[in-house]
Each structure stands twice: as C-alpha cells, then as structure tokens.
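For reference, the structure is listed below as structure tokens.
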Amino acid sequence: MQKLAQQAVTRDRVEAVDWTMETRHSVRRFLPKPVPRSMIEDILRVSSRAPSGTNVQPWRVHVLTGESLASTVKALLDRVNNPEGGFDPDPIRPVYPAQWTEPYGSRRKKLGIDLYGLLGIARGETAKMHAQMARNFQFFDAPVGLIFTIDKVIGESNFIDGGMFMQNVMLAARVRGLDTCPQAAFVHYHRLLADRLGFVEGEMVFCGMSLGYADPDAPENYLWSDRVDLPEFARFHD
Ligand SMILES: Cc1cc2nc3c(=O)[nH]c(=O)nc-3n(C[C@H](O)[C@H](O)[C@H](O)COP(=O)(O)O)c2cc1C
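Yeah, the sequence shown ends on 514 if you go by this note's numbering, and it's all consecutive.
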C-alpha cells in the first residue's frame, strides 16, 4: 500500500486533485436530476478515508432523498417561515461568534453583498433576503440532503475530524461532476432533525450539505468568493 502511494505521484494526479479543489465552490441552486444511490455510497465510502484524531471516526451522516427529503424540508420550512417558530430556542452550540471582529466581519459582509448582487436583491429587501435564507432549508432544490452529526463527546473538543470528512465528501462529489453547499444553517434545527431522523444518544448536528448537479443557468452559482493571498495567512519560519 505504501509503495502504491509513492508510485501515485504523477503530474496528472497532482493536476486532478488541484482541479478538484479549485473547481469546488458552493452551489445554491441545483437541477432536479437524481444522483444514483451507488454514487452517493461511493462518495461516502471514499470520504471515510479522512483522518481523525486517534482514528475515532466520530462522524455520522444522514442521507435524505425522495420522500424523507421532501418531508424534512416541509417540516423545516414550517418552522423557518413561521414567525412564532424560528430557530431552536436553545441551540446545541453557537454557530458563529456573537460579535464579528475584523477582518472576518468585512469578509462576511462582502460575501453577502456579492451573493445578493447576483440575485438582484437590494439593500433593505428583507422579504427577499428571508426567502433566500429559507432556501437553505430546501437544500437549494438538491436531490440529496446530507446532515452531518458528530458524537457530542468528540465534537466539543475535535470538530476538525468532522470537517475533514465533509471536505472529502465535497471533493469526491466534485470529481464526479457533482456540486455541493456546506450549510451550518441546519445546526439551528438540531432538535427537529434529532426527532425526525432518530439520533442516537450524544449525536449532534455539526453541519448540513446540499449535493447534486448545479443549475448552470442560476446566477447565484456564478459566485466565486475571494481568497486572501498566501503572505496574509502563511508565515514561513526559515
Ligand atoms: C462550515 C460551513 C458552513 C457554511 N454554512 C453555509 C450556510 O448555512 N448557507 C450557505 O449558503 N453557505 C454556507 N457555507 C458556504 C460558505 O459561505 C462558503 O464556503 C464560503 O463563502 C466560500 O465560498 P465557496 O465555498 O464558494 O468557495 C458554509 C461553509 C462552511 C465551510
């Protein structure tokens, strides 16, 4: 196995992996085209090669398609669009910091401006903004909705294990011609999802994800977010 891994370093393979990372981006409108079950299984199986501290593999994933997807979307939208409903009253964990500091606040703001700009949503159009936010809970029309959970015991200290599994899923999907959108939005409905999907003791939602074929005509799918330059995030200690 070790020998095989060494032989595997070829220019083609480097290019394929770089291409996969470079062409992954968050897609927020999908075609109704189904994803074969065998392809979903292949993606999840290969993604489970993700490393985890001491190989505990604390992730689980709930795969929603067909009727289970439709009924979960309906239950979520009933809550999202009900002024009395709203997010779970006591979130399982905070999704984002209570107060944004720089440079994160500005980067976050730019993403919002760019997305709303593509969608033609002007400042102050709160109903349209709400409708766009609510599309998260329709999995952006994707034929596959993924809910990633982690054992609470591990999650509190090592979310990173789950994050690496998710990244593998996004790349394994991309190289098969599929697209994804990772979505922390689902954390707000941990309790609803726990009831519907029958979580085991200690299972907590850490992210959701839409998976499917991107709609090539959707303006929001043309959002390519910026990245800061290498010297801004890497410091070499020679
Ligand atoms: C942990 C995590 C949570 C996210 N949650 C959401 C979300 O709830 N809704 C959404 O539309 N995008 C969400 N995103 C997508 C980010 O906005 C996106 O990754 C970021 O803007 C970079 O753009 P890119 O993925 O297109 O490269 C999330 C991404 C990550 C990694």
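Beta carbons: idealized from backbone N, C-alpha and C, even for Gly.
* Minimum C-alpha distance to Phe416 - residue among Tyr465, Ile368, Gln459 and Ser328 -> Gln459
* Determine, using beta carbons only, whether Ser323 and Phe435 come nearer to each other than 7 Å. => no
* Asked: How big is the Cα-Cα spacing for Lys309 and Pro419?
  -> 7 Å
* Asked: Looking at C-alpha atoms only, which residue of Arg452, Gly478, Asp514 and Arg467 is the closest neighbour of Met297?
  -> Arg452
* Asked: Which term fits Leu506, buried or exposed, when burial requires 16 or more other beta carbons within 10 angstroms of its beta carbon?
  -> exposed
* **Ser486 (DSSP reduced to helix, strand or coil)** => strand
* CA-CA distance, Pro492 and Ala448? -> 20 Å
* To do: Take Leu307 and list the residues in its own chain whose beta-carbon comes closer than 6 Å to its own, dropping the five residues that flank it on each side.
  => Tyr489 and Asp491
* Closest by CA to Leu468, which one among Arg399, Gly362 and Asn444? -> Gly362
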